[in-house]
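Inspection log for the structure reproduced underneath, given as structure tokens.
Quick look at the structure:
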């Protein structure tokens, strides 16, 4: 009798597959790794062999330099890759450019490791593809019923309305450098904002990488001008930490915005001194998590990082056996 | 409802006064009648519902979802209205979102049982922000950091030619929500609504701070009257056409909290004065007055222990006659006769303080009444020939505050500011030396200040905080504060009282940074004993 934990089990380094001898998103250097996406807490440098999508390998190369692992293998979405007795397929997760779920098959057993995912449209990456499975391993970053992300178009409309309402100020939008920043820029373009968007230096290389992979970001300018009045009426995108940093003093009386799922909770916005919270997330919200589980109806639900207990409770109430997987090392803050 | 919800949402996170004004002004410009009027009434506190108790809201949500999941959510968010707004499991087939005026109309005609059904239906129809705003309205108290005065100020700005907020305040108490006549006037579509409403508030006249170096050289002492600026709260007591009311200087009606004072008004007229706690003609401390402020109802005990009274400064109407057009000298004569006629221990006269020269006046300022530096905040100077003008005109009235109390304290914690200051550590907690249980000399925090320094000084302090950080707690940093290393502030404050809510047992009024003592070693800053001594001196008056 094959048990799911024989195929995948938690280890201190990360989620381990004994029959294929590889880890998925290990948090420490290992011999063989499968990487779901390029966020730093999932994609670390120093592994032996790395299997990921070409986009994710590109992102890792950009962040860590070309020699971030001893060998790299790119897998296209949907392409089955054998590892010993195990077959790995990467399918779109809809999280950021290159993000994938890892579908692991062995002796008739299928486990899907979602990585981070969302179910809404994202103009910078292909949408999440549901894959029928015996075990679904889901993230639960926003695994509480309070997290119901609104329509991202409406959030961008709020930003643009504020820009019109306060023409004498600048709007400084905190957005995670990989994925969120480029999605915000695309959404602004779709909403008709065709002026130059000013960007913090930390975003420049990833912006260029997105452009190389066919995401048109429109005119971008570095936010480095020394003349303060230059930024009046402008939108500036920067990593969240920079919006409260001394760096931000170059902008005239900025309206500080922050694009994140955490901004759903007013106290979070207040703590960070955010004047205009934009609830835009690259993670599944409560409704997306529960509807995905409902759609897949897996034999078992394993829950990784985030608020495991609430989602486990929900699954039990809906007749799906669920358990938290104690995996450490995934951040929950800035990439929301 | 959606636009109003969006407004509340932005206001709740906006610190800048100007930004708040813009948000409210734009909302009032863009929202049609009567919704904007109801919204303005909600913002000024003239419309509040007590339609739903928190317990009802909890019950309603727990009927629709797993109580355990609700509890985890509530535990995480911490605010009931916000939690329910976010988790509310809407039933499908809900109606369209209600307009603000529909909410008002429907609630007005509904029975208690119907109210609950109405609220549930609205929660189904609204988005999370709309639900949050609705629940705030239903449970009373918007608490978005906007004063009634600021809301009126924003209303005054909506037309092509903004009007003075005093003009709005003058007619405010004659108006009723949803204020269609007010908006018609502000937008230039109609004449100004009549202010002829017995018992209304008259916008207050305020004083400029005197610039000692400039003003005294230009002013003739013979032109001015002087009196103490008593340390209570400025009020207006109105008795007109059988209507008796007590207002704050911004026009908030506080009659309900002070039935003793309102009851003492017998002659028809309008007094401008200071509200104080007075026992046998003697003024008590501001702390005593605080026992009576911000209370919706008063009990017999509070009335007996903290008897309130008015010390009269001015007379704005006598019988049917508007006296504001008279000179201060003439009004003062009327006031003296008026107070004498009232014959009440709850209304007395703020005595004039004769003086012949500015030097004589300076000597008077250094000698506070009854030897108590706390009961008067300083002196008021009023031109004998000045009429009573709403607002803060330059010239006719000056205030000359007494010198503040000063201590040297050590910077202990710094917190990031808001808005323009969000990248600066601009809110400071400072402490003085004391001896702990083990006999060690340690700092104990005694207050917080966030202004009193220039932009250049702010940059320097910010640099100090970043360089000398010991620990971080979210937006707060603790900094080096040792006898030989640290930063000393000379802190100025207006008053001091005992407090059980502060660890040190004292609370300062209006503390600010007077000077930054880069030169002074923290070890030489003041001791707790210095503050104790200040307190004892005040109490032993």
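Chains as they are written, first to last, in the working numbering: chain W, 3 to 338; chain R, 18 to 558.
Think of the CB as a built atom: it goes at the ideal place given N, C-alpha and C, for glycine as much as any other residue.
Only a predicted model underlies this, so the values are computations on that prediction, with no experimental measurement involved.
- Annotation: residue 504 of chain R to residue 427 of chain R spans about 6 Å, alpha carbon to alpha carbon.
- In the displayed model, residue 274 of chain R falls within a helix according to three-state DSSP.
- With contact defined as three or more Cβ pairs closer than 8 Å, the stretch 278 to 296 of chain W and the stretch 139 to 146 of chain W are in contact.
- The secondary-structure analysis by DSSP pairs residue 264 of chain W with nothing; it has no beta-bridge partner.
- Rounded to the nearest angstrom, the Cβ distance from residue 152 of chain R to residue 120 of chain R is 12 Å, too far for a contact under 8 Å.
- Cβ neighbours of residue 170 of chain R within its own chain (closer than 7 Å, five residues either side excluded): 38 and 182.
- Sixteen is the threshold: when 16 or more other Cβ atoms of the shown chains lie within 10 Å of the Cβ of residue 127 of chain W, as they do, the residue is buried.
- For the C-beta of residue 29 of chain R, the chain W residues within less than 7 Å are, from N- to C-terminus, 268.
- Residue 106 of chain W counts as buried, since no fewer than 16 other beta carbons sit within 10 angstroms of its beta carbon.
- Linking residue 319 of chain R to residue 24 of chain R through their CA atoms gives a straight-line distance of about 39 Å.
- Across the set R:490, R:341, R:155 and R:468, the C-alpha of R:155 shows the shortest separation from the C-alpha of residue 66 of chain R.
- Counting only Cβ-Cβ distances below 8 Å, residue 168 of chain W has contacts in chain R at 36 and 39, in chain order.
- In the same chain as residue 165 of chain W, and ignoring 5 residues on each side of it, the C-beta atoms closer than 6 Å to its own belong to 173, in chain order.
- Residue 256 of chain R: member of the beta strand (DSSP E) spanning 250 to 257, first to last residue.
- Between the stretch 126 to 146 of chain R and the stretch 85 to 97 of chain R there are fewer than three C-beta pairs closer than 8 Å, too few to call the two in contact.
- In the structure shown, the three-state DSSP call for residue 149 of chain R is helix.
- Chain W has no Cβ within less than 7 Å of the Cβ of residue 310 of chain R.
- The beta carbon of residue 443 of chain R sits no closer than 7 Å to any beta carbon of chain W.
- Between the C-alpha atoms of residue 40 of chain R and residue 255 of chain W there is a straight-line separation of about 16 Å.
- Residue range 56 to 66 is occupied by the alpha helix (DSSP H) that includes residue 62 of chain W.
- Residue 535 of chain R is classed as exposed because its beta carbon has fewer than 16 other beta carbons within 10 Å across all chains shown.
- Identification of residues in the stretch 97 to 111 of chain R having a C-beta nearer than 7 Å to some C-beta of chain W yields 99, 100, 103 and 104, given in sequence order.
- A straight line joining the alpha-carbon of residue 57 of chain R with that of residue 164 of chain R spans about 11 Å.
- In this structure residue 157 of chain W does not touch residue 267 of chain W by the C-beta definition: roughly 15 Å separates them, more than the 8 Å allowed.
- Residue pairing by DSSP puts residue 510 of chain R in a beta bridge opposite R:422.
- About 12 Å separates the beta carbons of residue 44 of chain R and residue 59 of chain R, which is beyond the 8 Å limit, so they are not a contact pair.
- Per the C-alpha coordinates, the member of R:539, R:222 and R:543 positioned closest to residue 497 of chain R is R:539.
- In this structure, residue 114 of chain W places its C-beta atom within 7 Å of the C-beta atom of residue 138 of chain W.
- In the three-state scheme derived from DSSP, where H, G and I count as helix and E and B as strand, residue 271 of chain W is classed as helix.
- Contiguous alpha helix (DSSP H) elements confined to the stretch 266 to 321 of chain W occur at 268 to 273, 288 to 298 and 310 to 319, taking only those with 4 or more residues.
- Among the residues of chain W, none has a CB under 8 Å from the CB of residue 521 of chain R; the nearest is roughly 26 Å distant.
- Per DSSP, the continuous alpha helix (DSSP H) segment holding residue 358 of chain R begins and ends at 345 to 359.
- In the assembly as shown, residue 57 of chain W is a buried residue. Its beta-carbon has 16 or more other beta-carbons within 10 Å.
- By the CB criterion at 7 Å, residue 327 of chain W and residue 306 of chain W fall inside the cutoff.
- Apart from the 5 residues on each side of it in sequence, residue 107 of chain R sits with its Cβ closer than 6 Å to the Cβ of 141 in its chain, given in chain order.
- Residue 96 of chain R and residue 274 of chain W have their C-alpha atoms roughly 18 Å apart.
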